[in-house]
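Worksheet: one structure, shown below.
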Amino acid sequence: MMRKILLDEDEIPRRWYNILADLPGSLDPMLNPQTYEPTELPPFLFASELNRQEFSTDRWIDIPEEVLEVYRIWRPTPLYRAKKLEEALKTPAKIYYKWEGVSPPGSHKPNTAVAQAYYNMKEGIERLTTETGAGQWGSALAFATKLFDLECMVYMVRVSYDQKPYRRVLMEAWGAEVVPSPSNRTKTGQKYLEEDPDSPGSLGVAISEAVEDAATNDNTHYTLGSVLNHVILHQTIMGLEAKRQFEMIDTYPDAIYGCVGGGSNFSGGAFPFLGDKLRGERKELEVVACEPTACPTLTKGIYAYDFGDSVGLAPIVKMYTLGHDFIPPKIHAGGLRYHGDAPALCRLVNDGYIRAEAYHQTDVFEAAVLFARTEGFVIAPETAHALKGVVDEAIRCRESGEEKTIFFLNSGHGHFDLSSYAAYFEGKLVDYEYPAELVKRALENLPKVGV
Ligand SMILES: *Cc1c(COP(=O)(O)O)cnc(C)c1O
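See below:
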């Protein structure tokens, strides 16, 4: 039995897979947040190639040689057989995981950050802006921009800036400029600082600042690390590699698990397999999206048009949503606290191709600690949601005797999340029930789109 299945460098896939080619019917149009009319990505914010990819229905999109060259720093990533975990769970199931913690920033996020930096550089852009909460996306973009000689400006939510200095230092190590948001760099930031000089900030305000900066500065664009179709497209490199790795051992997974914040790692891992099912080449495939009970977008949200951001500046898209002004409780998996999810993923949930489950954070950390003590890797709290789903499935297999092959996307390491592990060890983690009242109130503020 192989402990890990490795590809050679020259076996990195040369094309990304676009699930829009295989979706039954087309996606509902993206709408302008002011006029509610169909829109594209604003050209003063996004590279035109990224806009083209956003709406492309070509099944395959070539990966530029310069992007492949950077991917080679850490790709192909290993596919592991979680033999020790299987033994600990006494399950007849076979568990495999694709390990993305080997990238320099430690997660799957550079798969798209590198592509976005490249296309912007190609189009003459010299500087990229973004917002970051916990700092995972900001550090991926800081890393990627450096490799293409672009400047990087990160608006980091003030509380995270103060409380989580290490991700900020990591971004600075890659040469990014990081400012706490609200900042005095933008009109939006100045307005919030006037009202409250000690404002803790929020992701919504940070997004507004990053967008304003890009819109008002020449040669500057804005970037997003999840949700959009082009982001998910770039992430399919993971699922495509995994398919080749499974072929090498003559296996195909029966069930695929991933955690969902905005949907990029989950979709990147699962869509190349789901495409087989959509095209009728495979019949049986269970696909499970795992989310926190504190932010249960897919399990408790509604499928409707909503703003992509909390301020109402971003385009309106059809997705599962808890309401754009829903503010989830402060769980330790900060990367999973988004009110909506990627439109293509939502559509496949709505059509019954993907099932969703929600877990409490103490159960999630219990699974993460079991993983550290069997497989060795200390994984991100976000990722551990997928693991919790896998552990439950493996236990069901123990009870039924089924020898299922389970695959999960292991999206990143938890080396910057040790204070969260500490809180778990000290018994300080609390579980949040579904915040039904908050969601109900937020859903009253959905845009009234007449379609
Ligand atoms: C950002 C992040 C997530 C959640 O974002 P998705 O777009 O849903 O993938 C999950 N895991 C890790 C390690 C992350 O950094």
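The sequence shown maps to residues 5 to 455 in the working numbering. Glycine is no exception: its CB is placed at the ideal position from the N, C-alpha and C atoms. Everything numeric in this text was worked out from a predicted model, so none of it was measured.
Is any heavy atom in ligand 1 found nearer than 7 Å to the beta carbon of residue i?
i      : result
GLU386 : yes
TRP141 : yes
ASN115 : no
ASN269 : yes
LEU174 : no
GLY273 : no
VAL264 : yes
GLY339 : yes
SER111 : yes
SER415 : yes
SER404 : no
SER230 : yes
With DSSP as the reference, label residue i as helix, strand or coil.
i      : result
ASN124 : helix
GLU213 : helix
GLY344 : coil
PRO108 : coil
ILE236 : helix
TYR438 : coil
THR134 : strand
VAL292 : strand
ALA362 : strand
ILE65  : strand
SER185 : strand
ASP367 : helix
GLU155 : strand
ASP310 : strand
PHE411 : strand
ALA51  : coil
ILE77  : coil
ARG102 : According to the sequence provided, residue 102 is Lys. The question's Arg does not apply to it. LYS102: strand per DSSP, three-state reduction.
HIS419 : coil
THR297 : coil
GLY142 : helix
Throw me the rounded Cβ distance for the residue i and residue j pair, which I believe falls under 8 Å.
i      : j      : result
THR149 : LEU132 : 6 Å
PHE330 : ALA446 : 4 Å
ALA259 : GLU397 : 6 Å
GLU104 : SER415 : 5 Å
LEU145 : THR134 : 5 Å
TRP64  : ILE241 : No, TRP64 and ILE241 are not in contact; Cβ-Cβ is about 12 Å, not under 8 Å.
ALA214 : TYR159 : 5 Å
GLY418 : PRO451 : The pair is not a contact, with the Cβ atoms about 37 Å apart (cut-off 8 Å).
Under 8 Å between C-beta atoms, does residue i make it to chain D?
i      : result
ASP200 : Checking the listed chains, one finds no chain D in this structure; it contains a single protein chain.
*Would you say the stretch 367 to 384 touches the stretch 303 to 320, given that touching needs at least three Cβ pairs under 8 Å?*
Touching, no.
*asked:* Would you call the stretch 283 to 293 in contact with the stretch 399 to 407, where contact means no fewer than 3 C-beta pairs closer than 8 Å?
replied: Two segments are said to touch when three or more pairs of C-beta atoms, one from each, lie closer than 8 Å; by this definition the stretch 283 to 293 does not touch the stretch 399 to 407.
_Segment contact, 8 Å Cβ cut-off, at least three pairs: the stretch 231 to 240 with the stretch 202 to 210_ = No contact exists between the stretch 231 to 240 and the stretch 202 to 210.
*asked:* Can you confirm whether the stretch 16 to 29 touches the stretch 335 to 345 when touching is taken to mean that 3 or more C-beta pairs between the two stretches lie within less than 8 Å?
replied: Counting Cβ pairs under 8 Å, fewer than three are found: no touch.
*asked:* Does the contact criterion of 3 or more C-beta pairs under 8 Å hold for the stretch 245 to 255 versus the stretch 168 to 183?
replied: They do not touch, by the three-pair rule.
_Check whether the stretch 43 to 57 and the stretch 90 to 108 are in contact - that is, three or more C-beta pairs closer than 8 Å._
For the pair of segments examined, the stretch 43 to 57 was found not to touch the stretch 90 to 108: the number of CB pairs separated by less than 8 Å stays below three.
_Cβ contact (3+ pairs, closer than 8 Å) linking the stretch 320 to 328 and the stretch 216 to 223_ = No, the stretch 320 to 328 is not in contact with the stretch 216 to 223.
*May I ask you to verify whether the stretch 431 to 439 touches the stretch 261 to 268, counting CB pairs closer than 8 Å and requiring at least 3?*
Counting Cβ pairs under 8 Å, fewer than three are found: no touch.
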